[in-house]
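Novice:
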Amino acid sequence: MTTFPTPLISVEQLSQRMNDDKLVLLDASYFMPAMQRDGREEWESQRIGQAQFFDFDQEICELGADYPHMMPSPEWFTACVQKLGVSQQSEVVVYDSLGLFSSPRAWWMFRAMGHDKVAVLDGGMPAWQSAGLPLNTDAPCSCQVGNFVANYRSEMIADAESVLIALQEPGVCVLDARSESRFDGSEPEPREGLRSGHMPGAKNLPFTDVLVDGLMQPAEALKPLFAALVKPGQRLILSCGSGVTACHLALAAEICGYTELSVYDGSWAEWGARNELPVVV
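Take 12 as the starting number for the sequence shown in our numbering and just add one per residue.
1. CB-CB under 6 Å to Phe64, same chain, minus the five flanking residues each way: which ones, in chain order?
2. So, with DSSP's three-state summary, where would you put Glu271?
3. Could I get the ranges of all uninterrupted beta strand (DSSP E) runs contained in the stretch 81 to 116, with 3 residues as the minimum, in chain order?
4. Roughly how far, in whole angstroms, is the beta-carbon of Ile266 from the beta-carbon of Ala213, given that I think they are within contact range, below 8 Å?
5. Identify the residues that DSSP records as bridge partners of Ile300: which are they?
6. What is the C-beta distance between Met120 and Met81, in whole angstroms, given that I count them as a contact (C-beta under 8 Å)?
7. Can you tell me whether Ser165 is buried or exposed? The criterion is at least 16 other CB atoms within 10 Å of its CB, across all chains shown.
8. Let me check understanding here. Comparing Cα to Cα, which of Leu272, Pro243, Val185, Phe112 lies closest to Ala123?
9. For Met227 and Lys234, what's the separation of their Cα atoms in angstroms?
10. Taking all protein chains shown into account, do 16 or more other C-beta atoms lie within 10 angstroms of the C-beta of Met152, making it buried, or fewer, making it exposed?
11. Sort out for me which residues DSSP pairs Arg202 with in a bridge.
12. Along the chain, where does the alpha helix (DSSP H) containing Leu216 start, and where does it finish?
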C-alpha cells in the first residue's frame, strides 16, 4: 500500500518531508542523445537534497539488450536500488531535471518491481527551483545500503508478442504516446533504421497532451482525454518510442482511476525494427 495519496507529490509537499527518515530521493534524469546532456554529470554538480542517481539507461536495465533501457531482472534491480539506499519501508520520490520527462519511467519500474511507496515530483527540478527551494551543490555522498527486494509484477510489463495478440482483443486498448506526426508516419523516427507509422488498431495520445507547463494535467482535464479513446472496461497497454514516455500515460491513467495497465517495454524501438511485426501509416 502506498503512503502517498496520489502518484504525484508537489514541491511544497516534498519540501515539508525532507527530514523524513523514510524518504529516499532519486534523480532519474535521462536525455535523448541529440540533446548532448549527461544526467549523471548534472546530478554530480547539483541535486535536490541527498538524491542518488537512478540510471535506467546505462545501469538499471537489461545490460546488452537489443533495445534501449529494457527492464532489468528483479535480481539486478534489487542489487542496484539497494546501493541507492532503498529499503522495503522506503518512501521513494523520483524526479528529473526536465520537469516531467524520464521520472515517470523510474516510477513505473519501481511499481513493476513491487514497490508501491513511490511518487513522482510534479514538475521535477524546474518546479523545485521555481519555488525558490535550494539545490545541493556539494559533492554527492554515499548512502547506507538498503534492504529492498524486488517482487516482479510481470503483468505490468508487456512484450511484443503479447501486444500483437492484444491488438486483436476488444477488451484491450493500445495507446501510443508518440507525437501525432510520428504515429501517422509523416515524420521519420529519431532512431535510425526504424520503420515509420504505428501498430494496426493502436490509438494516439501524445504524452505532451497530459502535461501543461511541465506539470501533470489535473484529473478533470485528463479524464476526457482517456474517455475519448478507451472504452469502459478495457485494459490498457501503453507504448511510445522506447518505453519512457509511455509511463507518462501510465501515470496519467492511474490518476484517472485506471487499474489494469501495462507498458510495452520495447515500444517502437523494437516494433519499428522487427519487420515481421505489422505497421500501418
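Glycine included, C-beta positions come from ideal geometry on N, C-alpha and C. The structure displayed is predicted, hence computed values, not measured ones.
Specialist: To lay it out plainly:
1. Correct list, in chain order: Asp38, Arg51, Trp54.
2. DSSP places Glu271 outside both helix and strand once states are collapsed to three, so it counts as coil.
3. Segments of the beta strand (DSSP E) lying fully in the stretch 81 to 116: 102 to 106.
4. Incorrect: roughly 22 Å between the Cβ atoms, too far for contact.
5. What the structure shows of the chain is the stretch from 12 to 292, and residue 300 is not part of that stretch, so it cannot be assessed.
6. No, Met120 and Met81 are not in contact; Cβ-Cβ is about 11 Å, not under 8 Å.
7. By the 10 Å Cβ count, Ser165 comes out exposed.
8. Residue Leu272 is the option with its Cα nearest to Ala123.
9. 12 Å
10. First, the amino acid is wrong: residue 152 is Cys here, not Met. Cys152 should be labelled exposed.
11. Looking at the DSSP output, Arg202 shares a beta bridge with no other residue.
12. No alpha helix (DSSP H) contains Leu216, which DSSP labels as neither H nor E.
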